[in-house]
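Student: Residue numbers (my numbering): 7 to 98.
For glycine and all other residues, C-beta sits at the position ideal for the given N, C-alpha and C.
1) Mapping the DSSP letters down to three states, classify residue 61 as helix, strand or coil.
2) Assuming residue 92 and residue 41 are in contact, meaning their beta carbons sit under 8 Å apart, how far apart are those beta carbons, in whole angstroms?
3) Give the secondary structure of residue 43 by DSSP, where H, G and I count as helix, E and B as strand, and everything else as coil.
4) Give every residue of the same chain whose Cβ lies closer than 7 Å to the Cβ of residue 55, excluding the five residues on either side of it in the sequence, and list them in chain order.
5) Go ahead and pull the three-state DSSP assignment for residue 77.
6) Report yes if the CB atom of residue 3 is closer than 8 Å to the CB atom of residue 95, and no otherwise.
7) Between residue 36 and the rest of its own chain, which residues show a CB-CB distance below 6 Å, the 5 nearest in sequence each way excluded?
8) When DSSP builds the beta bridges, which residues end up paired with residue 31?
9) Opposite residue 86 in the DSSP bridges: which residues?
In structure tokens form, the structure reads like this:
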């Protein structure tokens, strides 16, 4: 079974970081909550997910996740910045 990777990108397309095998919950038809350990773009664990309001909203790319009908999320916002981190987004 492939491991799920969710890459989180800034609005300008730069990689902010990623989740590896997070818990993915579908809240509605197109709304998702991602919960897990967040890694910075350089691979190190983030102690806290800081976010810049000027680069919001983020967007996400989902690969290797089973049971998820979307491969991209838009309007991605941080709900909990400390580890384990939580984000929400809309499927597109």
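Tutor: In terms of the structure at hand:
1) Locating residue 61 in the chain shown gives position 55, counting from the first residue. DSSP places residue 61 within a helical segment (H, G or I) once states are collapsed to three.
2) For the purposes of this step, residue 92 is taken as residue 86 along the chain shown, with counting starting at 1. For the purposes of this step, residue 41 is taken as residue 35 along the chain shown, with counting starting at 1. Rounded, the Cβ-Cβ distance is 5 Å, consistent with contact.
3) Here residue 43 refers to the residue found at position 37 of the chain shown. Coil at residue 43, not helix or strand.
4) By one-based count along the chain shown, residue 55 stands at place 49. Result list for residue 55: 44, 84, 87, 91, in chain order.
5) Indexing the chain shown from 1 puts residue 77 at position 71. Residue state, collapsed to three classes: coil.
6) Residue numbering for the chain in the displayed model covers 7 to 98; residue 3 lies beyond these limits and cannot be assessed.
7) For the purposes of this step, residue 36 is taken as residue 30 along the chain shown, with counting starting at 1. Correct list, in chain order: 96, 97.
8) Numbered from its first residue, the chain shown carries residue 31 at position 25. According to DSSP, residue 31 bridges with 39.
9) Working through the chain shown from its first residue, we reach residue 86 at position 80. According to DSSP, which records beta bridges pairwise, residue 86 is partnered with 92.
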